[in-house]
Amino acid sequence: DSYFCKNDNCVLVDNFLKHFFIEFPDENKNNKLYILPVRDLTFENITYQYNCIDNICVSAYCSSNSQCLYDKCVNNKCIHNKDVSVVHCTYVIDKFLGMEKTPSYMHCGIQDGESCNSNKECSSKLCKNQIC
234 DSYFCKNDNC VLVDNFLKHF FIEFPDENKN NKLYILPVRD LTFENITYQY
284 NCIDNICVSA YCSSNSQCLY DKCVNNKCIH NKDVSVVHCT YVIDKFLGME
334 KTPSYMHCGI QDGESCNSNK ECSSKLCKNQ IC
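Shown next, in the form of C-alpha cells:
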C-alpha cells in the first residue's frame, strides 16, 4: 500500500504501479479524477488507447495540464512537475525476518520512476542511476 498526498489530502492506492488514475478532492471538496504520471517505458506498451466498458470510455492520454495529478501534460502524457507539491508515501522495508520482508516505517518523497539525486528524496529511499 502507498499514498499520494496533495494539498493536505492523502489518498490510499493499493498498488499504484497498476493504476493510471487517482481521485482527489478539489478546492470545493468535489472528487476529481487525475491521470498519474508515466512511470516507465513499459507503460507506453500497456494501454494509452481508450478502454470502454458499458459505453464508458477512459484513456490515460491527457489533453490539458488540469487532467494530470502533477498539472503537467506533455505530448499527451502526464509527467512529473517539481513545481507542484505532490508526494508519494510508501512503506520502506528495513529488515528481513527469515524469508519474509517486514515493512518498518512509511517514508514520503518522489515516486518510483522519477529523477532523483539521493536516496532520501525517493519514497522508496532508493535512488539508482538518478532514478527512484
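For the sequence shown, my numbering gives the first residue as 234, with consecutive numbering after it.
Just so it is clear, CB atoms sit at the ideal spot from N, CA and C, and this is done for glycine as well.
Bear in mind the structure is a predicted one, so any value in this text is a computation, not a measurement.
- When secondary structure is reduced to three states using DSSP, residue 299 falls in the helix class.
- 247 is the residue among 247, 296, 240 and 348 whose C-alpha sits nearest the C-alpha of residue 324.
- By the neighbour-count definition (other C-beta atoms within 10 Å, threshold 16), residue 260 is an exposed residue.
- When secondary structure is reduced to three states using DSSP, residue 353 falls in the helix class.
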